[in-house]
Amino acid sequence: MIRNLWNDLEGTFFPESALDYMPEARLREVQLQRLKAVTALAYANVPLFRERMDAKGVKPADLRTLADVRHLPFSVKGDLRDTYPYGLFAVPMSEVVRLHASSGTTGKPIVVGYTAQDMEVWKQVIMRTLYAAGFSRGDIVQNMYGYGLFTGGLGLHGGLEGIGATVIPISGGNSERQIMVMKDFGVTAVCCTPSYFIHLIEVAQKMGIDFRRDLKVKRGVFGAEPWTDQMRQYIEDASGIKAFDIYGLSEIIGPGVGAECECRDGLHIFEDHFLVEIVDPQTLEPVPDGTEGELVFTTLSKQAMPAIRYRTRDITAIDTRPCACGRTIRRIRRISRRSDDMFIIRGVNVFPSQIETALLKTEATLPHYQIVLTRKAGLDRMEVKVEVTADMLSDKVGAMDELAKRFGRSIEQITGLHAEVTLVQPGSIPRSEGKAKRLFDKRNEG
Amino acid sequence: MKITQLSVFLENRPGRLSALCRTLADAGVNLSTLMLSDNGEFGLLRLLTPDVDKAKATIAAAGYAATTTEVVALQVPDKPGGLAGVLVLLEKSGVSVEYMYAFAERPGSDAVMVFRFDNTDKALAALSDAGIAVFKPVDLFKN
């Protein structure tokens, strides 16, 4: 085992992470070489990519510099549905050792595949993710991502085994048991969605368990959904752990595309495997570094299912400033919103994250909330349901009315739109064990 | 002597009040007085019980938002002007009544009123100076 060669540096040097510090010029060379190879693979074996490239009159041999990637056609999630299940695979099924699939809330799920080498790459990038967040051998890790077709559970699992941590493959759900295991097994680190962890903090409080006093959890990696700095603040204040953002998506590889380091100032992208671009979501033209736009990835080493200029719908910007951690792989800003989460009401673009910010201006901790859009007599209405907690409760009806009005004013300040704020009982908004669904658009119902 | 009142947030929807009462009944909590005030969308249920700690724990465990407030219970002479006399006295001492309601069980022949003042300590001092007795929890709930 390679680890044995570094025993004298145990806990301070991780060979897998050395790639995070590759000299920039060499990194770009690696990227270009791999870009050419993956484009050739996709062109030769995936009809959809070949047809699109032919339609644009571009051949793999036309790629001379990394910037030439802009001549390649885009791909989107719909392509995976249209070619369901294996239409984008670039290798024979005999080479595919693993399949995963999305939950498929709308129609057919999407299916992704991995060769044995893809599995090894996946494990490596997750090991780099975990090391960046300070996980190491000796950690007892409760992996609460769903095991099964979702890439989160088994993806993290492989990397956790890779770094030599003790893995508890508990998967999601059964929150009281999660807390019991966390306590009894002496768990030191966790993996799950941020909204599920916030739910667990509530559950622990109800069970009379104090994170700082009764548990040993020190850190966690959280991803699979956008979350705000305020949510991080809440998690850290309420539980005393250090919370790291991780980024990934099944279409690219799963978790392990990008990760925060100890500086927690943006997410490093594992650029030796994933070529990152930011484009204007309307014009699809690349935007200058530092400018916000839609995140687009080309997988540089994937074999089973290469992705060429895959549009993630996530909105962010590339940060080219050197990171204090010394990693040379560049960072993206934390994803605060998705281009498809945005809703348009009375002609105004609104992101759920704006509602969250508005609620946090009124209350110190983020209450559970839900946005419901309805249409009455041709007029769009936005209702925001907010769960009342004991902290915000008064025994006077007038004071509670005033609280609802304060929420409403805050939302109006930030979005410019009137929202009808309804206070609801705790627990009446469904909790997510996976990704939080904040927005219910009922405007085209009934 | 202050009485601890429990206030619970309830959505104004069918079944919410009965669910809460069922929860308390199952825990063996006896309710002495209930007062619901609402604004059409939600209500605040204020309740007095001899077992306020148990009631609060039961309600919190069942996932309701609840808070406690100090109120004052006193005997009001059951004759015309009985309440007015008390209110005038308090008004003179600069204490406001946020809300008030009648205590359901009557340990005696006079009415028992429960007051939520803006300044409970000041109200208690004024009542004491005027020689008006307020109930101790132990006397209020004995039945």
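Chains as they are written, first to last, in our numbering: chain A, 3 to 448; chain B, 130 to 272.
By construction, the Cβ of each residue, glycine as well, lies at the ideal position given by its N, Cα and C atoms.
First through last residue of the alpha helix (DSSP H) which encompasses Val205 (chain B) | For the purposes of this step, residue 205 (chain B) is identified with residue 76 of the second sequence, where counting begins at 1. That residue, Val205 (chain B), is in no alpha helix (DSSP H); its beta strand (DSSP E) goes 195–205.
Whole runs of the beta strand (DSSP E) within the region 120–196 of chain A, excluding any shorter than 3 residues = Taking only runs of at least 3 residues, the beta strand (DSSP E) segments lying wholly in the region 120–196 of chain A are 142–145, 168–170, 191–194.
For Thr107 (chain A), which residues of its own chain have a beta-carbon under 6 Å away from its beta-carbon, when the five flanking residues on both sides are left out?
-> Taking the first residue of the first sequence as 1, we reach residue 107 (chain A) at position 105. For Thr107 (chain A), the predicted model reports a pLDDT of 45, less than 50, meaning its position is unreliable and no value from the coordinates is stated.
Report the neighbours of Glu120 (chain B) on chain A: residues whose CB is nearer than 7 Å to its CB, in chain order.
-> The structure shown does not extend to residue 120 (chain B), since chain B spans only 130 to 272, so no value can be given for it.
List the residues that DSSP assigns as beta-bridge partners of Gly157 (chain B).
-> Looking up residue 157 (chain B) in the second sequence gives position 28. Per DSSP, none; premise fails for Gly157 (chain B).
Ordered along the chain, which non-local residues of its own chain (more than five positions away) have a Cβ less than 8 Å from that of Thr424 (chain A)?
-> Here residue 424 (chain A) corresponds to residue number 422 of the first sequence, with the count starting at 1. Glu385, Val386, Lys387, Val388, Ala406, listed in sequence order.
Beta carbon of Met164 (chain B) nearer than 7 Å to that of Arg151 (chain B) | Locating residue 164 (chain B) in the second sequence gives position 35, where the first residue counts as 1. Locating residue 151 (chain B) in the second sequence gives position 22, where the first residue counts as 1. Going by C-beta atoms, Met164 (chain B) is not nearer than 7 Å to Arg151 (chain B).
Taking the C-alpha atoms as reference points, what is the distance between Ile211 (chain A) and Phe199 (chain A)?
-> The residue labelled residue 211 (chain A) in the question sits at position 209 within the first sequence. The residue labelled residue 199 (chain A) in the question sits at position 197 within the first sequence. So the alpha carbons of these two residues sit roughly 14 Å apart.
When we look at the beta-carbon of Tyr236 (chain A) and count the other beta-carbons within 10 Å, is it buried (16 or more) or exposed?
-> Start at 1 with the first residue of the first sequence, and residue 236 (chain A) comes out as number 234. In this structure Tyr236 (chain A) is buried. Its beta-carbon is surrounded by 16 or more other beta-carbon atoms within 10 angstroms.
Is there at least one Cβ from chain A nearer than 7 Å to Asn168 (chain B)'s Cβ?
-> Your numbering for residue 168 (chain B) matches position 39 in the second sequence. So yes, Asn168 (chain B) belongs to the interface.
With hydrogens ignored, establish whether the beta-carbon of Leu43 (chain A) is closer than 6 Å to any heavy atom of the ligand PLP.
-> Questions concerning the ligand PLP fall outside what the structure shown contains, since it holds no ligand whatsoever.
Using 8 Å as the threshold, is the region 259–275 of chain A in touch with the region 54–62 of chain A, meaning 3 or more CB pairs across them?
-> These segments do not touch.
In three-state terms, what does DSSP make of Pro266 (chain B)?
-> Within the second sequence, residue 266 (chain B) is the residue found at index 137, counting from 1. Note: Pro266 (chain B) maps to helix in three-state DSSP.
Could you check the C-alpha separation between Arg315 (chain A) and Asp216 (chain A) for me, to the nearest Å?
-> One-based indexing of the first sequence puts residue 315 (chain A) at position 313. One-based indexing of the first sequence puts residue 216 (chain A) at position 214. Spanning the two alpha carbons is a distance of roughly 40 Å.
Inter-stretch contact at 8 Å, needing at least 3 Cβ pairs: the region 44–54 of chain A / the region 291–311 of chain A | yes
Grab the span of the alpha helix (DSSP H) containing Ala42 (chain A) for me, first residue to last.
-> The residue you call residue 42 (chain A) lines up with position 40 of the first sequence. Here the alpha helix (DSSP H) through Ala42 (chain A) covers 26–47.
Would you mind listing the alpha helix (DSSP H) stretches within the region 62–97 of chain A that are 4+ residues and don't spill past its ends, in chain order?
-> 79–84
Whole angstroms is fine: what's the gap from Phe232 (chain B)'s alpha carbon to Phe264 (chain B)'s?
-> Taking the second sequence and counting its residues from 1, one reaches residue 232 (chain B) at position 103. Taking the second sequence and counting its residues from 1, one reaches residue 264 (chain B) at position 135. Using only the alpha carbons, I get a separation of about 11 Å.
Would a C-beta distance cut-off of 7 Å place Arg340 (chain A) and Ser355 (chain A) closer than the cut-off?
-> Along the first sequence, read from residue 1 onward, the residue named residue 340 (chain A) stands at position 338. Along the first sequence, read from residue 1 onward, the residue named residue 355 (chain A) stands at position 353. Cβ distance not < 7 Å, so Arg340 (chain A) and Ser355 (chain A) don't count as in contact.
At least one CB of chain B closer than 7 Å to the CB of Thr108 (chain A): is that the case?
-> Here residue 108 (chain A) is taken as the residue at index 106 of the first sequence, counted from 1. With a pLDDT of 48 at Thr108 (chain A), under the threshold of 50, the modelled position of this residue cannot be trusted; read the value that follows with caution. Not an interface residue.
When DSSP builds the beta bridges, which residues end up paired with Asn351 (chain A)?
-> Locating residue 351 (chain A) in the first sequence gives position 349, where the first residue counts as 1. Partner(s): A:Ile346.
Which of helix, strand or coil DSSP assigns to Phe224 (chain A) | In the first sequence, residue 224 (chain A) corresponds to position 222, counting from 1. Strand.
Is Phe246 (chain A) helix, strand or coil by DSSP?
-> Against the first sequence, residue 246 (chain A) aligns to sequence position 244. Looking at Phe246 (chain A) - three-state DSSP - the assignment turns out to be strand.
For Val426 (chain A) and chain B, any beta-carbon pair shorter than 7 Å?
-> Numbered from its first residue, the first sequence carries residue 426 (chain A) at position 424. Yes, its Cβ sits closer than 7 Å to a Cβ of chain B.
Amino acids of chain A, ordered along the chain, whose beta-carbon sits closer than 9 Å to that of Ala195 (chain B) | Start at 1 with the first residue of the second sequence, and residue 195 (chain B) comes out as number 66. Going along chain A in sequence order, the residues near Ala195 (chain B) (Cβ under 9 Å) are Ala392, Leu395.
Please classify Gln305 (chain A): does DSSP put it in a helix, a strand, or coil?
-> For the purposes of this step, residue 305 (chain A) is identified with residue 303 of the first sequence, where counting begins at 1. Looking at Gln305 (chain A) - three-state DSSP - the assignment turns out to be coil, as it is neither helix nor strand.
Apart from the five residues just before and just after Glu163 (chain A), which ones in its own chain have a Cβ nearer than 7 Å to its Cβ?
-> For the purposes of this step, residue 163 (chain A) is taken as the residue at position 161 of the first sequence. Val169.
Taking DSSP as the reference, what is the three-state secondary structure of Thr108 (chain A)?
-> Start at 1 with the first residue of the first sequence, and residue 108 (chain A) comes out as number 106. Because Thr108 (chain A) carries a pLDDT of 48, less than 50, the predicted location of this residue cannot be relied on, and the following value inherits that uncertainty. Three-state DSSP puts Thr108 (chain A) in coil, outside helix and strand.
Give a yes or no on whether the minimum CB-CB distance between Gly429 (chain A) and chain B is below 7 Å.
-> Locating residue 429 (chain A) in the first sequence gives position 427, counting from the first residue. Yes, because at least one Cβ of chain B sits closer than 7 Å to the Cβ of Gly429 (chain A).
Segment limits, alpha helix (DSSP H) that includes Val217 (chain B) | For the purposes of this step, residue 217 (chain B) is taken as the residue at position 88 of the second sequence. Run containing Val217 (chain B): 211–221, per the alpha helix (DSSP H) assignment.
Ignore the nearest five residues each way along the sequence and tell me which others in Val205 (chain A)'s own chain have a CB closer than 8 Å to its CB.
-> Along the first sequence, one-based indexing puts residue 205 (chain A) at 203. So the qualifying residues of the chain are Ser177, Glu178, Gln180, Ile181.
Name the chain B residues that come within less than 7 Å of Asp403 (chain A), Cβ to Cβ?
-> Within the first sequence, numbered from 1, the residue matching residue 403 (chain A) stands at position 401. Asn168, listed in chain order.
Gly211 (chain B) touches chain A at which residues, Cβ-Cβ below 7 Å?
-> Position 82 of the second sequence, counted from the start, is the residue given in the question as residue 211 (chain B). Simply none; closest approach about 26 Å.
Just mark Tyr193 (chain B) as buried or exposed, buried being the case when its beta carbon has 16 or more other beta carbons within 10 Å.
-> As a working mapping, residue 193 (chain B) is identified with position 64 in the second sequence. Result: buried.
Is any beta-carbon of chain A found at less than 7 Å from that of Arg198 (chain B)?
-> Here residue 198 (chain B) refers to the residue found at position 69 of the second sequence. It should be pointed out that residue 198 (chain B) corresponds to Thr in this sequence rather than to Arg. For Thr198 (chain B), the nearest beta carbon of chain A is closer than 7 Å to its own beta carbon.
Compare the C-alpha of Val241 (chain B) against each of B:Lys251, B:Asp247, B:Tyr230 and name the closest.
-> If you number the second sequence from 1, residue 241 (chain B) lands on position 112. When B:Lys251, B:Asp247, B:Tyr230 are compared, the shortest CA-CA separation from Val241 (chain B) is found for B:Tyr230.
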